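**Student:**
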Amino acid sequence: MTTENKSLLFEIPKLEGSRSNPRLLRVIVTSTFTRIDFGYTTPWYYESGGWIKIAAKTHLVVSGNEKKFLLKDTEGIPIAPKKMNFESTEDWQFFSLFFEPIPLIDCELSIIEKENPTEKDFNYYSIQLLLSEGLTILG
Amino acid sequence: MPVNKNALLRYSIIDRLVRNKYKPYPTMEEIIEACLEQHSVTSSETIQKDMNHMRRPRPIGYNAPIYFDRKFQGYAYSEPEFSISSLALSSEEVGAIRETLDLVKMISGTSMSEKFNSAMEKVLSITFEDFPEGEKKQAILQTMQPPKARGFEYFELFYSACREKIPVSFVHYSYKKRKFNSIIIHPFLIKEFENKWYIVGYSEKHASIRIFGMDRVYAPILLDKPFIKVANKKTDDYFHTMYGVFPIPKAKKQKIKIRVSSLATNYFQAYPIHESQKIIKFPDGFSNITFQVVPTIELVRLFLSHGKQVQVIEPEWLIDFSTKLF
Numbered sequence: 002m003t004t005e006n007k008s009l010l011f012e013i014p015k016l017e018g019s020r021s022n023p024r025l026l027r028v029i030v031t032s033t034f035t036r037i038d039f040g041y042t043t044p045w046y047y048e049s050g051g052w053i054k055i056a057a058k059t060h061l062v063v064s065g066n067e068k069k070f071l072l073k074d075t076e077g078i079p080i081a082p083k084k085m086n087f088e089s090t091e092d093w094q095f096f097s098l099f100f101e102p103i104p105l106i107d108c109e110l111s112i113i114e115k116e117n118p119t120e121k122d123f124n125y126y127s128i129q130l131l132l133s134e135g136l137t138i139l140g
Numbered sequence: 128m129p130v131n132k133n134a135l136l137r138y139s140i141i142d143r144l145v146r147n148k149y150k151p152y153p154t155m156e157e158i159i160e161a162c163l164e165q166h167s168v169t170s171s172e173t174i175q176k177d178m179n180h181m182r183r184p185r186p187i188g189y190n191a192p193i194y195f196d197r198k199f200q201g202y203a204y205s206e207p208e209f210s211i212s213s214l215a216l217s218s219e220e221v222g223a224i225r226e227t228l229d230l231v232k233m234i235s236g237t238s239m240s241e242k243f244n245s246a247m248e249k250v251l252s253i254t255f256e257d258f259p260e261g262e263k264k265q266a267i268l269q270t271m272q273p274p275k276a277r278g279f280e281y282f283e284l285f286y287s288a289c290r291e292k293i294p295v296s297f298v299h300y301s302y303k304k305r306k307f308n309s310i311i312i313h314p315f316l317i318k319e320f321e322n323k324w325y326i327v328g329y330s331e332k333h334a335s336i337r338i339f340g341m342d343r344v345y346a347p348i349l350l351d352k353p354f355i356k357v358a359n360k361k362t363d364d365y366f367h368t369m370y371g372v373f374p375i376p377k378a379k380k381q382k383i384k385i386r387v388s389s390l391a392t393n394y395f396q397a398y399p400i401h402e403s404q405k406i407i408k409f410p411d412g413f414s415n416i417t418f419q420v421v422p423t424i425e426l427v428r429l430f431l432s433h434g435k436q437v438q439v440i441e442p443e444w445l446i447d448f449s450t451k452l453f
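Heads up: the protein sequence lines correspond to chains F and R, in order. Sequential numbering from 2 applies to the first sequence in this note's numbering. Sequential numbering from 128 applies to the second sequence in this note's numbering.
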C-alpha cells in the first residue's frame, strides 16, 4: 500500500500548554478526510454544564503549507449557530470533526476555530504528526 | 443457479416422508398434502420435477436414489439409509437448534444474529421441516431483555476482532475519573455479566489484560498491526478465578469467608455463585460460606445486596472495604 492511499491513526498524548478540555484524543488521516476526535467533560462553573458548538470556519493549518483545510462535517457536536445544551456539570461528550484531507507527511498540525481566540474557542497548536508513529487503519 | 427456499422445503419434505420408517412408501397425494401443510403450494408436476432434481448428481442435485415402488404404490430410496442431508439431524437435534436460536435472538439487533438465523434456516430447511419465517409464536424461553445498551452496536466489530485477532483503537470514557483516553486493545474475549457487555484484551497503554465496558467505548477502529497474544492459560484463568468483572485493585486470589443467615443460605445453595463455593451449615440454619476467588467489586456488591443476611468475616481488609463501599 502506498502512502497516498494509506489511512493512518495518530494517538495524541496530552498536549503541553494546550487546553485539556475538550481533550484531543486521536487524529485520523485518510485520502478523503482528516478526522479529529475529542472528549469533553462539562465543567462545574457552567450552569447545568453549559453547551458546546463548533464554528463553521474552523480549519486546519499544516506546517509548511499555506492552505487552510476546511471543516466539512461533524459528529457529536453541532456547527454554530446551533448548539448542544448539557443537562448537568457531570455530563460528557465524545465528538469528531471532519476536515479536508491533509497531506500525509511528517508535520505540525494546528486546529483553528478562531484566529484571535477567547477561552471559549477550541484552538490547538503544533500537534506533531510523525508518519513513523501513525498506525495503519485496516481496510 | 441457487435453489429457491420453497424448492428446498419441498425436497426436505419428500426426503422426510420417503425416509419415514413408520410410514414408508408415501404416495404422490401424501407428498402433496404434506407440502400443503407446510404452506408450500405444489402439484404432482412440481413434485415430479423436484424428484428429478433430487436424482441429479451433486452438487446440482442430491444423487437421490428415489424410485416408485409398484408393489407398495409409493416412493422410496433404493438405499434405505440415504438422506439428501449429509447432516441428517434428528428431531431432537433440530429442537436443540431451535432452542439455541431462541437464545441467540436474545442478542437480537446485531447482524450477527441475522446471519446465524439465515445459516440455521438453510440447515433446517434441508434437514427436517419448515423454518418459521416471520411466524408469531408464543415464546417458551425468556431471559432478561433490557433495552439496548449504548456501545452494544460495536459487538460485531469486537467479535470479529477477537476471532480474527485484530488490534482495535477506541476512545474510552471513565465514569469514575470523568476522563477520556485513547486505548489500543488486543482483544480476546467478549464478556457478559448481569446484562452488561465487556471487551477484554491486552491493553497497550496499561501493558496488561484489561476489561472495558462497551457502554464506555467510542469509535472503535480496526488496526493493521501485529496482534499481541496473551497466553491461553492467562486468558482462561482471568474470569475463572472471579465473580464479576472488575477485580479490586492489587487483590490476589484468596479465601473469602462470609457468615450467612438461613434465609440467604437457601439462595447460595440454590444458585452457587462460583465453582469454589463451599457451604458449612450450622444447626440453626446459618452457614459459613467460603470462596477461593480474586475479590471483585461485584462480589462485594452481591454481599451487600443481602443486607444483614450476609456478613464478610474474612479477610479483615475486605470487611473494611465492604464498609467503605456501602
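A virtual CB, placed ideally from N, CA and C, is assigned to each residue, including glycine. Note that the structure is predicted; figures quoted are calculated from it, not measured.
(1) Work out the CA separation of I338 (chain R) and V427 (chain R) for me, nearest whole Å.
(2) Do the stretch 378–385 of chain R and the stretch 434–447 of chain R meet, that is, are 3 or more Cβ pairs less than 8 angstroms apart?
(3) Have a look at S127 (chain F) and K69 (chain F) and give me their C-alpha separation to the nearest angstrom.
(4) Enumerate in chain order the residues of its own chain whose CB-to-CB distance from Y189 (chain R) is below 6 angstroms, with the five nearest sequence positions on each side excluded.
(5) Determine the extent of the alpha helix (DSSP H) in which W444 (chain R) is found, giving its start and end residues.
(6) Locate the alpha helix (DSSP H) running through V145 (chain R), then write down its first and last residues.
(7) Here's the rule I'm using: 16 or more other beta-carbon atoms within 10 Å means buried, otherwise exposed. How should P207 (chain R) be labelled?
(8) Helix, strand or coil for R454 (chain R) per DSSP?
(9) Just to confirm my understanding: we take S403 (chain R), look at its own chain, exclude 5 residues before and 5 after, and list those with CB closer than 7 angstroms. What are they?
(10) Anything in the stretch 37–50 of chain F with a Cβ closer than 7 angstroms to a Cβ of chain R? List those residues in chain order, please.
(11) I want to know whether the stretch 88–105 of chain F touches the stretch 32–49 of chain F - three or more CB-CB distances under 8 angstroms.
(12) For F418 (chain R), which beta-bridge partners are listed by DSSP?
(13) Does D342 (chain R) come within less than 9 angstroms of chain F when only Cβ atoms are used?
(14) Name, please, each residue of chain R whose Cβ falls closer than 8 angstroms to the Cβ of L10 (chain F).
(15) Would you identify the three-state DSSP class for A57 (chain F), choosing helix, strand or coil?
(16) Taking the alpha carbon of C289 (chain R) as the point to measure from, which residue in R:V327, R:K405 and R:N308 has its own alpha carbon closest?
(17) Taking Cβ to Cβ, would you say I193 (chain R) is nearer than 9 angstroms to M178 (chain R)?
(18) So with CB distances below 8 angstroms, who are the chain R contacts of S133 (chain F)?
(19) In this structure, how does DSSP classify N124 (chain F) when only helix, strand and coil are distinguished?
(20) What span of residues does the alpha helix (DSSP H) with Q175 (chain R) cover, start to end?
(21) Check whether the stretch 61–78 of chain F touches the stretch 109–129 of chain F, taking contact to mean three or more Cβ pairs, one atom from each stretch, closer than 8 angstroms.
(22) Looking only at DSSP bridge pairs, what is Y41 (chain F) linked to?
(23) Starting from the beta carbon of S111 (chain F), find every residue of chain R whose beta carbon is closer than 8 angstroms, and list them in chain order.
(24) S89 (chain F): buried (16+ other C-beta within 10 angstroms of its C-beta) or exposed?
(25) Could you spell out the range, first to last residue, of the beta strand (DSSP E) harbouring L10 (chain F)?
(26) Would you say I78 (chain F) faces chain R, with C-beta separation under 9 angstroms as the test?
(27) So S97 (chain F) contacts chain R; which residues on that side make the cut at Cβ distance below 8 angstroms?
(28) Counting only Cβ-Cβ distances shorter than 8 angstroms, please list the residues of the stretch 278–306 of chain R near chain F, keeping chain order.
(29) Residues of chain F with CB under 8 angstroms from S330 (chain R), in chain order?
(30) So D74 (chain F) is in the beta strand (DSSP E); what residue range does that whole segment cover?
(31) Is F87 (chain F) helix, strand or coil when you go by DSSP?
(32) Per DSSP, which residues does N308 (chain R) bridge with? Please list them.
(33) Could you work out which residue in R:I348, R:A334, R:E156 and R:P376 is closest to F357 (chain R) when comparing CA atoms only?
(34) Between the C-alpha atoms of T423 (chain R) and I55 (chain F), what's the straight-line distance to the nearest angstrom?
(35) Return no unless some Cβ of chain F is closer than 9 angstroms to the Cβ of K326 (chain R).
(36) Take W93 (chain F) as the anchor and find which of F:P44, F:L10, F:L71 and F:F34 has the nearest alpha-carbon.
**Tutor:** Let's see:
(1) The count along the second sequence starts at 1 and reaches residue 427 (chain R) at position 300. The count along the second sequence starts at 1 and reaches residue 338 (chain R) at position 211. Going from the Cα of V427 (chain R) to the Cα of I338 (chain R) covers about 18 angstroms.
(2) yes
(3) Along the first sequence, one-based indexing puts residue 127 (chain F) at 126. Along the first sequence, one-based indexing puts residue 69 (chain F) at 68. For S127 (chain F) and K69 (chain F), the distance between alpha carbons rounds to 15 angstroms.
(4) Along the second sequence, one-based indexing puts residue 189 (chain R) at 62. Short of 6 angstroms from the beta carbon of Y189 (chain R), and not among the five residues preceding or following it, lie these beta carbons of its own chain, in chain order: M181 and I211.
(5) Here residue 444 (chain R) refers to the residue found at position 317 of the second sequence. Per DSSP, W444 (chain R) belongs to the alpha helix (DSSP H) from E443 to L452.
(6) Residue mapping note: residue 145 (chain R) aligns to position 18 of the second sequence, counting from 1. Here the alpha helix (DSSP H) through V145 (chain R) covers K132 to R146.
(7) Along the second sequence, one-based indexing puts residue 207 (chain R) at 80. Classification of P207 (chain R): exposed, given that the 10 Å Cβ count is below 16.
(8) Because chain R here runs from 128 to 453, residue 454 (chain R) falls outside it and cannot be looked at.
(9) Locating residue 403 (chain R) in the second sequence gives position 276, where the first residue counts as 1. If you ignore the 5 residues before and after S403 (chain R), its C-beta comes within less than 7 angstroms of the C-beta of F418, Q419 and V420, all in its own chain and listed in chain order.
(10) D38, G40 and T42
(11) yes
(12) Indexing the second sequence from 1 puts residue 418 (chain R) at position 291. Note: F418 (chain R) sits in a beta bridge opposite R:I383.
(13) Working through the second sequence from its first residue, we reach residue 342 (chain R) at position 215. No, no contact with chain F.
(14) Here residue 10 (chain F) refers to the residue found at position 9 when the first sequence is read from its first residue. Neighbours of L10 (chain F) on chain R, chain order: S296, I348 and L350.
(15) Looking up residue 57 (chain F) in the first sequence gives position 56. Here A57 (chain F) carries a coil assignment [DSSP, helix/strand/coil].
(16) Against the second sequence, residue 289 (chain R) aligns to sequence position 162. Each of R:V327, R:K405 and R:N308 was checked against the Cα of C289 (chain R), and the nearest Cα belongs to R:V327.
(17) For the purposes of this step, residue 193 (chain R) is taken as residue 66 along the second sequence, with counting starting at 1. For the purposes of this step, residue 178 (chain R) is taken as residue 51 along the second sequence, with counting starting at 1. In this structure, the beta-carbon distance from I193 (chain R) to M178 (chain R) falls below 9 angstroms.
(18) Along the first sequence, read from residue 1 onward, the residue named residue 133 (chain F) stands at position 132. Within chain R, no C-beta atom comes nearer than 8 angstroms to that of S133 (chain F); the closest sits roughly 13 angstroms away.
(19) Taking the first sequence and counting its residues from 1, the one referred to as residue 124 (chain F) is at position 123. N124 (chain F) falls in the coil class under three-state DSSP.
(20) One-based indexing of the second sequence puts residue 175 (chain R) at position 48. Counting along the chain, the unbroken alpha helix (DSSP H) around Q175 (chain R) starts and ends at S171 to R182.
(21) yes
(22) Numbered from 1 along the first sequence, position 40 holds the residue referred to as residue 41 (chain F). Partner(s): F:Q94.
(23) For the purposes of this step, residue 111 (chain F) is taken as residue 110 along the first sequence, with counting starting at 1. Chain R residues near S111 (chain F): none, gap ~20 angstroms exceeds 8 angstroms.
(24) Reading the first sequence from its first residue, position 88 is the one you call residue 89 (chain F). S89 (chain F) comes out exposed.
(25) Along the first sequence, one-based indexing puts residue 10 (chain F) at 9. Annotation for L10 (chain F): the continuous beta strand (DSSP E) segment containing it runs L9 to E12.
(26) Counting from one through the first sequence, the residue named residue 78 (chain F) turns up at place 77. Not one chain R Cβ lies under 9 angstroms of I78 (chain F).
(27) For the purposes of this step, residue 97 (chain F) is taken as the residue at position 96 of the first sequence. Ordered by position in chain R, the residues that pass the 8 angstroms Cβ test against S97 (chain F) are A346.
(28) I293, S296, V298, Y300, R305 and K306
(29) Working through the second sequence from its first residue, we reach residue 330 (chain R) at position 203. One finds nothing in chain F with a Cβ atom closer than 8 angstroms to the Cβ of S330 (chain R); even the nearest lies about 13 angstroms away.
(30) In the first sequence, counting from the first residue as 1, residue 74 (chain F) sits at position 73. Residues K69 to E76.
(31) Within the first sequence, numbered from 1, the residue matching residue 87 (chain F) stands at position 86. It is coil, neither helix nor strand.
(32) For this step, residue 308 (chain R) is matched to residue 181 along the second sequence. Partner(s): R:H299.
(33) For this step, residue 357 (chain R) is matched to residue 230 along the second sequence. The sequence shown places Val at residue 357 (chain R), not Phe. It is R:A334.
(34) The residue you call residue 423 (chain R) lines up with position 296 of the second sequence. The residue you call residue 55 (chain F) lines up with position 54 of the first sequence. Their backbone Cα atoms lie some 42 angstroms apart in a straight line.
(35) The residue you call residue 326 (chain R) lines up with position 199 of the second sequence. The amino acid at residue 326 (chain R) is misidentified as Lys; the sequence shows Ile. Not an interface residue.
(36) Within the first sequence, the letter at position 92 stands for residue 93 (chain F). When each option's Cα is compared against that of W93 (chain F), the closest is F:P44.
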